[in-house]
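2 protein chains.
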Amino acid sequence: MSEVIATYRLPGAKGSFEKKAEGIALGLTVGSWTDLPQLEQEQLLKFKGRVASINEEAGEGVGEISIAYPGRNYSNDLPAILTTVFGKLSLDGQVKLINLEFSDDLNRHYPGPRYGIEGIRELAGVKDRPLLMSIFKGVIGRDLAYMEDQLRAQARGGVDLVKDDEILFDNPLTPFYERVKNGRRILDEVQQETGKRTLYAVNLTGRTSELREKARRARELGADALLFNVFSYSLDVLQELREDENIGLPLMAHPAFAGAVAQAPHHGVAYSLWLGKFLRMTGADFSLFPSPYGSVALEKDQVLAISRELTDEPSPFKKTFPVPSAGIHPGLVPHLMEDFGEGCVINAGGGVHGHPGGAESGGLAFRQAIEAVKAGIPLEEVQGEELRVALSLWSKGGKG
Amino acid sequence: MSEVIATYRLPGAKGSFEKKAEGIALGLTVGSWTDLPQLEQEQLLKFKGRVASINEEAGEGVGEISIAYPGRNYSNDLPAILTTVFGKLSLDGQVKLINLEFSDDLNRHYPGPRYGIEGIRELAGVKDRPLLMSIFKGVIGRDLAYMEDQLRAQARGGVDLVKDDEILFDNPLTPFYERVKNGRRILDEVQQETGKRTLYAVNLTGRTSELREKARRARELGADALLFNVFSYSLDVLQELREDENIGLPLMAHPAFAGAVAQAPHHGVAYSLWLGKFLRMTGADFSLFPSPYGSVALEKDQVLAISRELTDEPSPFKKTFPVPSAGIHPGLVPHLMEDFGEGCVINAGGGVHGHPGGAESGGLAFRQAIEAVKAGIPLEEVQGEELRVALSLWSKGGKG
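These protein sequences, in sequence, are chains A and B.
For our numbering, count along the first sequence from 1 and bump the result up by 987.
For our numbering, count along the second sequence from 1 and bump the result up by 987.
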């Protein structure tokens, strides 16, 4: 049957959830029911919400209810679906939207990632280890030459990807198109030196209606990938970037502002849906989120739930790369690879730039850590000088 | 100075807020500071965030801090500003964004309402009382004839505006353009009968990139106003609808999904900013929100704070109509007019349609209540039959 099943967690006494669930199922679809004539009930039955399940024991004084919303009630776009399943309801006291299940026919309206984990691995030329990404640091108020030096150092350290800081917008000192062109030139130069191709994700910003044209032009100028603050725009805008065949670039979803919707314990939308399922459906090739280990941290079960939504199979969609982030240093690589296996991107800012030997050494230290974990060697036993220095710095409680 | 000052409420012990504030001011702008050479500090000073104020006594164990973010750090659009002031920070434990103050030069980048309260009053032909709006009810699964009958009855009851249900999307039974055309025809007919012009706000829905063209076409077909689920899209999309001179229609912002960001007590964004200041800046002529009295209710101080942001002067923007909603029946009119004065829209669904005499009588009952309050007459003393019946029904605890 064509439907979306929404699951909500909300407080209530045992025995109270069925009435609540029936009220939602009716109120958010056909409105009233018992007072309708028989003939109208028959006509409206296929539009009526249905209580799919009730779990009265989800926690102390907390229940979970699942409501099925018929697909014919809304158009096949997330703004319509969010309005249906959590429009009015989001305003109604304490209630959290924890999952949406789309029937197969509805899933077909969403593109999923264009590249996915396998496609990104081909672009990066990396088959059998986590990818390594680093982030420009302290670039606000700096010029192109400053960014070029940083990019060169990061690439020489052997990182697979470099991303813009999400708070770097189009600006006179480092304009968007200039960043794309310079990034291309420098990464070509480093590739000639080292043989290693590093990809650069430039931050796509500006007014909503200008994004697609900017993205197309960025591709023409040689952009490798687009970083996108999807939650300051909307999931539908991300999906439109994904669907545009004239863009065709890998899309990296940044979680900026996602916490405004997902961080509260009893309100809003669960992280697993917001940064997990929705980003995979709408076409992000990468989903960044705070790791359980760093300065800004999510709980481990939240992080693993996001990761599952990004990579579980079977799925109609390609896999999205989980990118645990924030405060990552080389000493955390064993933890990240235990949690996420090889199918993740290890993403570091301060953990690369803060290396006493500079960003190039910072990248090398991470690469040494990844190789050691793959080989089953404890980090402390690794011979690499860069890793040894990094472990010494960050084991003292330094901030990655 | 060109800047946005963001105010956050967050937990902490007394004496802890200054360090926290300094960390945000640096971390979300230039990154590091004390370890920079003197020359670089001088160059970066104009990009550095500034702690504008600290209030350590905002509540028990709660403080408020205000950070000024220089205007040169971001482009002049809300996605960039939200990313800057509440991007990473939204993910960082317990913190609520309670206000943004824009310097005058930045405010100039936002359009404000095209019509505003005064312009809407001219369109509606109503000078000196609250406007009255009613909502289509139970229209999912129904056809155009059903909606036509409802529209005619509502208009005959003397309501100033009728709005679509926000969960009615573009669909085969009642397609968007057909609703526009039929609405126009029927409201013209009623105007010929009664002399009263009722305006119809049609729900603008679909994929983001199609909205503007749909809105332009709706205007050509005679649409009066557009209802828009802005929070299932984004504030920037609302602003682009407002700025498009080929649309030029009144915009009615529905709060669907707004609670996902604003409902939690210690996370997300305050209602006064989300449904108040932002909607006025970006150009909503109407902002709907739950009243303190109905089935889905906000707290009274939240509601009044929203209303102040929509209407306070001086302001660079026209005023946005506050539209307290949800569970409104005629007996609540005195409360609403005490809270909001004449400068609001009284908005009812069940409170119009649920009248024993039908929607036409429901509208008349509200109009009688409004006239009574204006004349200083207690509702119980009003002679109008429709109002008497309504009061009798809803004083028994019936649901508006």
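For every residue, glycine included, the Cβ atom is placed at its ideal position computed from N, Cα and C.
- Excluding the 5 residues flanking it on each side, L1160 (chain A) has same chain C-beta neighbours closer than 6 Å at D1130, in chain order.
- Following the DSSP letters along the chain, one finds G1050 (chain A) inside the beta strand (DSSP E) bounded by residues 1049-1057.
- The Cβ atoms of E1153 (chain A) and G1074 (chain B) lie closer than 8 Å to each other.
- Residue state for P1024 (chain B) is assigned as coil, using DSSP reduced to three classes.
- For A1271 (chain A), no beta strand (DSSP E) run applies, since DSSP gives it neither H nor E.
- DSSP, read as helix, strand or coil, puts Y1133 (chain A) in helix.
- Put simply, the CB of Q1030 (chain A) is near chain B, with a gap under 8 Å to one of its CB atoms.
- In summary, the residues of the region 1174-1194 of chain A whose CB is separated from some CB of chain B by less than 7 Å are T1192, G1193, R1194, in the order they occur in the chain.
- Y995 (chain B) is outside the set of residues whose beta carbon lies under 8 Å from a beta carbon in chain A.
- Among the residues facing chain B, G1246 (chain A) is included, as its CB has a counterpart in that chain under 8 Å away.
- For L1069 (chain B), the chain A residues whose Cβ falls inside 7 Å of its Cβ are S1219, F1244, in order along the chain.
- Considered as a whole, the region 1239-1322 of chain B harbours 1246-1249, 1265-1269, 1287-1298 as its complete alpha helix (DSSP H) runs of no fewer than 4 residues, in chain order.
- The beta-bridge partner set that DSSP reports for V1189 (chain B) consists of B:L1213.
- Contact annotation: the region 1238-1254 of chain A touches the region 1078-1085 of chain B, with at least three C-beta pairs closer than 8 Å.
- In the three-state reduction of the DSSP assignment, L1198 (chain A) falls in the helix class.
- Just measuring C-alpha positions, the residue of A:A1212, A:I1293, A:E1373 sitting nearest Y1102 (chain A) is A:A1212.
- Within chain B, the residues placing a beta-carbon under 7 Å from that of I1127 (chain A) are T1016, V1017, F1034, N1060, ordered along the chain.
- Contact residues of the region 1148-1177 of chain A toward chain B are E1153, I1154, F1156, D1157, N1158 (C-beta to C-beta distance below 8 Å).
- Per the Cβ contact rule, the region 1217-1237 of chain A is in contact with the region 1180-1197 of chain B (3 or more Cβ pairs under 8 Å).
- Among the CB atoms of chain A, none fall inside 8 Å of the CB of V1290 (chain B).
- Contact annotation: the region 1265-1280 of chain B touches the region 1314-1323 of chain B, with at least three C-beta pairs closer than 8 Å.
- DSSP places V991 (chain B) inside the beta strand (DSSP E), whose first and last residues are 990-998.
- Buried is the label assigned to E990 (chain A), since at least 16 other Cβ atoms lie within 10 Å of its Cβ.
- In terms of beta-carbon proximity, S1302 (chain A) stays away from the interface with chain B, with every pair separated by 8 Å or more.
- At a cut-off of 8 Å between beta carbons, S1196 (chain A) contacts chain B.
- Residues of chain B with a Cβ closer than 7 Å to the Cβ of K1075 (chain A) are, in chain order, A1243, V1283.
- The alpha-carbon of G1128 (chain A) is positioned some 9 Å away from that of N1158 (chain A).
- With fewer than 16 neighbouring CB atoms inside 10 Å of its own CB, Q1179 (chain A) falls in the exposed class.
- When Cβ-Cβ separations below 8 Å define contact, N1216 (chain A) makes contact with chain B.
- In the three-state reduction of the DSSP assignment, N1086 (chain A) falls in the strand class.
- Under the three-state reduction of DSSP, L1378 (chain B) is assigned to helix.
- When C-beta distances to chain B are compared with 9 Å, the residues of the region 1263-1277 of chain A below that value are F1276, P1277, in chain order.
- Of A:N1094, A:L1015, A:K1006, A:N1169, the smallest CA-CA separation from K1035 (chain A) is found for A:L1015.
- Among the CB atoms of chain A, one or more fall inside 8 Å of the CB of E1227 (chain B).
- Chain A places a beta carbon closer than 8 Å to that of Q1250 (chain B), counting this residue as a contact.
- Of B:A1205, B:R1108, B:A1335, the smallest CA-CA separation from I1234 (chain B) is found for B:A1205.
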